[in-house]
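Q: One structure, pasted below without further comment.
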Amino acid sequence: MPPIRDIAVVAFAQTDHRRTSDEVSEVEMLIPVLHDVLDRTGLKTSDIGFTCSGSTDYLAGRAFSFTMALDGVGAWPPISESHVEMDGAWALYEAWTKLLTGEVDTALVYAYGKSSPGSVRDVLTRQLDPYYVAPLWPDSVALAALQAQALIDAGETDEPVLASVAARSRASAAANSHAQLRGSVAQGDYLVRPLRTGDCPPVGDGAAAVILAAGERARELCERPAWIRGIDHRIEAHGLGVRDLTDSPSTRLAAERAGAFERPVDTAELHAPFTSQEVVLRTALRLDESVTVNPSGGALAANPVMAAGLIRIGEAAARIHRGASDRALAHATSGPCLQQNLVAVLEGDAR
Amino acid sequence: MPEVLKAPLIVEFPFTRSLGPVQSAFLTGLRERVVLGVKTTDGRTLVPPVEYDPVTADEIRDLVEVAPTGTVTTWAWNHEPRRGQPLDTPFAWVLVKLDGADTALLHALDAPGPDAVRTGMRIRIRWAAERSGAITDIACFEPYEGVAELTGHSGRFEDMVTGIVAPARLDYVYSPGRAQSGYINALSDQRTVGERCPSCRKVYVPPRGACPTCGVATSEQVEVGPRGTVTTYCIVNIKAKNLDIEVPYVYAHIALDGADLALHGRIGGIPYDEVRMGLRVEPVWTEGGRHPDHYRPTGEPDADYETYKELL
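Put into structure tokens, the structure is as follows:
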């Protein structure tokens, strides 16, 4: 079934992403971003039809931590609101479906993560299979390293290629004032071999928000809306040892269902926290050298957990807003070794 | 800006998980040094076994023994082991396809260094000395060239393991942020402060840095109380574990003078059945207390309902 109405990203805002932000609570970190994204459209919180957020209690170390952040959106008088314990890209997917129903014309989507209070490598082990895997505490870098070695063994990449992905990402990020790692960054020592510190994302705190609008409302709010032509998300088998870690069939299928292969894209914002994952995604998404990949620097330049995927959609949309792209692909991931993948295709009106 | 507070926060929980028939057999097998997989309807053997085929979603129950020896399908050298991991000396994470299996198991390989590890190398299980029916009954893997014999076990055991306890622990350094740090710092001087919304002028206490009605940041600090009014209350009759308060006691919402939001506290110094809406109260601090121990009647006349009805 084709979408019954056109829906677009009309505004995007994000924090500067930093290693620590302990002087502010989650809501204190979030409020400037919410105001920024609203200011870009002239909307007030009371104008928003639906609000959806993404975050996780495991970063905060507290149950129902998202309820505190709700203070930042003006939740009283009562608003229509939802939350996903997932990257904000999935909150955007929920908001998109809500807009498709025709019940509302605008949606605010936000996501945030403060990794600084805990050790994110250990925190992420708690999302693994609790019977066979989590009791071994394999951290997120270790699991990514297994995938990287599988790619090297398969001849899909090698350490110099991975280093070039790292260097290109941080060089691109030099133009992104929000990024945490910018310009020339040393490839460093092995963190878990074959991954060096340069192959891994920075650990940091940050937040992002986007506004979605449907049809004519989108044109009123944004000079050049980034129309969501398709969006889909898919998941791999749970067991790491069941999967072929050198490939990402779920990304390929999500891209196909989102219409990514119907016409070439000029830009791709990929949520690849590890250099080796960009290698997998480029193949799965059939991206060739003509496509500008991660002009923002991607997750290797700033990886606020739970917001980094939403930021990919926001960065792709912002490029369309300012006329730097006509058709962009945005990808978000969640879970170990590209477990879950979301692909969105965004387009600007013809010029 | 005054210094923002920080404190260690440890979140620990012993998750108790029940096992289905397949996981139960697999983990009981490990306790008995037998490795079991499960056959899919198209003839593959999954190790570790699951109850549903990840490809077809068929329910699968057909257990089959595989060898404790196998081949590394990928690996990663972990020179700095972290808390909870299988070995506390440098080791390789491995995905290992056991002989007879079609899928790989994640575990640790004890090897002298990264140069001693490669994809395709042959390894075998090193069993833990004490086994309870958990994935950690495999202490780790070790290099081994041969192929181990099967025990011929049927997969049926006396005294099956039906559950595991998986302890989880995460360590944080919690910081409450600017607004709540201000609140907690003031409490140490036995003062209560809120923050006023620049838009609706309401004073929130405890302050969280935002006005939930207007969705704007709050920053103007306002001292409230110390006296206040009971807006509503309940009588608690069940004694909480580790709580040294006799029941019944009264737990109340208290609107401190000057605050536009009621906070909660215990009411003391008055029989529980004489507490009422509108009762005027003041905080009672104990020596070294970080917050009021309880609130007691001030002896003033009760507040008029009209003065606090908006704060219920």
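Here the protein sequences come in this chain order: A and B. Final position of the first sequence in UniProt numbering is 351; the numbers increase by one with none missing. Final position of the second sequence in UniProt numbering is 312; the numbers increase by one with none missing. Glycine included, C-beta positions come from ideal geometry on N, C-alpha and C. It should be emphasised that the depicted structure is a prediction, and the values quoted were computed from it without experimental measurement.
Are A/A91 and A/E26 closer than 7 Å when you measure CB to CB?
A: Cβ atoms of A/A91 and A/E26: not closer than 7 Å.
Q: Using DSSP bridges, identify the partner residues of A/Q340.
A: For A/Q340, which the question treats as bridged, DSSP gives the partners A/I235, A/S334.
Q: With 7 Å set as the bound, which would you pick, yes or no: does the beta-carbon of A/G323 sit closer than that to a beta-carbon of chain B?
A: A/G323 does not count as touching chain B.
Q: Do A/R5 and A/G215 count as a contact pair if the criterion is CB distance below 7 Å?
A: Contact flag set, yes.
Q: With respect to the beta strand (DSSP E) encompassing B/W127, which residues constitute its N-terminal and C-terminal limits?
A: Unbroken beta strand (DSSP E) run through B/W127: 122-127.
Q: Measure the alpha-carbon distance for B/F26 versus B/P112 and round it to whole angstroms.
A: Computed Cα separation, rounded: 30 Å.
Q: Is there at least one Cβ from chain B nearer than 7 Å to A/Q14's Cβ?
A: Cβ-Cβ to chain B under 7 Å: no for A/Q14.
Q: On the premise that A/A218 lies in contact with A/A8, defined as a C-beta separation below 8 Å, what is that separation, rounded to the nearest angstrom?
A: The pair is a contact, with the Cβ atoms about 4 Å apart (cut-off 8 Å).
Q: Are the Cβ atoms of A/L221 and A/V73 separated by less than 7 Å?
A: It is not a contact, given that the beta carbons lie outside the stated cut-off.
Q: I'd like to know if A/V193 contacts chain B, where contact means its C-beta is closer than 7 Å to some C-beta of that chain.
A: First, the residue type needs correcting, since residue 193 of chain A is Arg and not Val in the sequence shown. For A/R193, the answer is yes, since a Cβ of chain B falls inside 7 Å of its Cβ.
Q: So A/V33 contacts chain B; which residues on that side make the cut at Cβ distance below 7 Å?
A: By Cβ distance, chain B contributes nothing, its closest Cβ being about 12 Å from A/V33, past 7 Å.
Q: Can you name the residues that DSSP bridges to B/R169?
A: DSSP lists B/E12 as partners of B/R169.
Q: Would you check if the distance between the CB atom of B/H253 and the CB atom of B/A240 is smaller than 7 Å?
A: No, Cβ-Cβ distance for B/H253 and B/A240 is not below 7 Å.
Q: Write down every uninterrupted run of the alpha helix (DSSP H) in the region 20-67 of chain A whose length is 4 residues or greater and which is fully enclosed by it, in chain order.
A: Whole alpha helix (DSSP H) segments, 4+ residues: 26-39, 57-60.
Q: Would you be able to state if there are at least three C-beta pairs under 8 Å between the region 7-22 of chain B and the region 300-319 of chain A?
A: At 8 Å Cβ cutoff, the stretches do not touch.
Q: Tell me which residues share the same chain as B/F157 and place their Cβ nearer than 6 Å to its Cβ, disregarding the 5 neighbours each side in the sequence.
A: Once the five neighbours on either side are set aside, the close Cβ partners of B/F157 are T28.
Q: Considering only residues of the same chain and omitting the five flanking positions on each side of B/P48, which have a CB-CB separation below 7 Å?
A: Once the five neighbours on either side are set aside, the close Cβ partners of B/P48 are F26, L105.
Q: Would you mind telling me which residues of chain A sit closer than 7 Å to B/K6, beta carbon to beta carbon, in chain order?
A: Chain A residues near B/K6: D22.
Q: Since I believe A/I311 is in contact with residue 404 of chain A (beta carbons under 8 Å), could you give me their beta-carbon distance rounded to a whole number of angstroms?
A: The requested residue 404 of chain A is not part of the displayed model; chain A covers only 1 to 351.
Q: Let me see if you follow: with CB-CB separation under 7 Å, is A/D36 close to chain B or not?
A: Not an interface residue.
Q: Look at the alpha carbon of B/V203 and the alpha carbon of B/L312, and state the distance between them as a whole number of angstroms.
A: Taking the straight line joining both Cα atoms gives about 15 Å.
Q: Here's the rule I'm using: 16 or more other beta-carbon atoms within 10 Å means buried, otherwise exposed. How should A/Q340 be labelled?
A: So A/Q340 ends up on the buried side.
Q: Buried or exposed for A/V120, going by 16 or more other Cβ atoms inside 10 Å?
A: Buried, since its Cβ has 16 or more Cβ neighbours within 10 Å.
Q: Buried or exposed for A/L128, going by 16 or more other Cβ atoms inside 10 Å?
A: Buried: at least 16 other Cβ atoms inside 10 Å.
Q: For A/H238, return the contacting residues in chain B, with the cut-off set at a CB-CB distance below 9 Å.
A: Within chain B, the residues near A/H238 are V50, P54.
Q: Out of B/W93, B/T45, B/T56, B/P68, point me to the one whose CA is closest to B/D62's CA.
A: B/D62 has its Cα closest to that of B/T45, out of B/W93, B/T45, B/T56, B/P68.
Q: Please name the residue in A/N294, A/L151, A/W76, A/T333 whose C-alpha comes closest to that of A/A318.
A: Measuring from the Cα of A/A318, the nearest candidate turns out to be A/N294.
Q: Answer yes or no: do A/V37 and A/A60 have a C-beta to C-beta separation smaller than 7 Å?
A: For A/V37 and A/A60, no; Cβs fall outside 7 Å.
Q: With DSSP collapsed to three states, give me the class of A/T157.
A: A/T157 falls in the coil class under three-state DSSP.
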